[in-house]
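Colleague: Input: one structure, supplied below.
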Amino acid sequence: IDIPWVVKPEEKMKFDSIFESLGPVGGMLTGDKVKPVLLNSKLPVDILGRVWELSDLDRDGMLDKDEFSVAMYLVYRALEGEPVPMSLPPPLVPPSKR
Amino acid sequence: QYPAGGSSTNPFL
Numbered sequence: 006i007d008i009p010w011v012v013k014p015e016e017k018m019k020f021d022s023i024f025e026s027l028g029p030v031g032g033m034l035t036g037d038k039v040k041p042v043l044l045n046s047k048l049p050v051d052i053l054g055r056v057w058e059l060s061d062l063d064r065d066g067m068l069d070k071d072e073f074s075v076a077m078y079l080v081y082r083a084l085e086g087e088p089v090p091m092s093l094p095p096p097l098v099p100p101s102k103r
Numbered sequence: 011q012y013p014a015g016g017s018s019t020n021p022f023l
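If you want it as structure tokens, here you go:
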């Protein structure tokens with residue numbers, strides 16, 4: 006399937022620079038590093054837990070660049086009042102993970 | 011690293 010990723014190139018650039026600023030190790034950010042950033046959004050912890058659940062596609066407890074972009078995308082949408090989905094819609098799955 | 015039980019990979023649980 007060839008659906009464009011909902012994360013736009015300019016958003017991806019922004020998320021990538023946040024990713025890099027958090028000091029990824031081996032291209033991955035651990036939960037310890039991502040958690041304070043998501044908590045900064047002031048969203049309820051149960052919402053953030055779901056954001057993590059949806060973003061950590063391989064369930065390894067760490068986020069790579071694309072997974073992190075999904076997390077940030079969901080957080081930004083949630084801040085705009087959009088509900089966080091219960092499961093990840095196909096357009097939100099990074100092309101590298103399909 | 012994370013507490014046992016539930017989703018151990020989720021830092022928010």
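In the order they appear, the protein sequences are chains X and H. Under this note's numbering, residues 6 to 103 are what the first sequence spells out, in order. Under this note's numbering, residues 11 to 23 are what the second sequence spells out, in order. Yeah, the Cβ is synthetic: ideal placement off N, Cα and C, and Gly gets one too.
DSSP three-state call for X/Met67: helix, strand or coil?
Modeller: strand
Colleague: So, does the stretch 57-73 of chain X touch the stretch 20-38 of chain X, judging by three or more C-beta pairs under 8 angstroms?
Modeller: Segments in contact, yes.
Colleague: Report the residue from X/Gly86, X/Met77 and X/Met91 whose alpha carbon sits nearest the alpha carbon of X/Ile13.
Modeller: Here the sequence assigns Lys to residue 13 of chain X, which means Ile is not the residue at that position. Nearest C-alpha to X/Lys13: X/Met77.
Colleague: If you draw a straight line from the C-alpha of X/Leu44 to the C-alpha of X/Phe24, how long is it?
Modeller: Distance between the alpha carbons of X/Leu44 and X/Phe24 is about 15 angstroms.
Colleague: Quick check on X/Leu34: does DSSP put it in helix, strand or coil?
Modeller: Looking at X/Leu34 - three-state DSSP - the assignment turns out to be strand.
Colleague: Express the C-alpha separation of X/Glu15 and X/Trp57 in angstroms, rounding to a whole number.
Modeller: 22 angstroms
Colleague: Does the beta carbon of X/Lys106 sit closer than 7 angstroms to a beta carbon anywhere in chain H?
Modeller: Since the first residue of chain X shown is 6 and the last is 103, residue 106 of chain X is not available in this structure.
Colleague: Using a 10 Å radius around the Cβ and a threshold of 16 neighbouring Cβ atoms, would you call X/Arg103 buried or exposed?
Modeller: With a 10 Å radius around the Cβ and a threshold of 16 neighbouring Cβ atoms, X/Arg103 comes out exposed.
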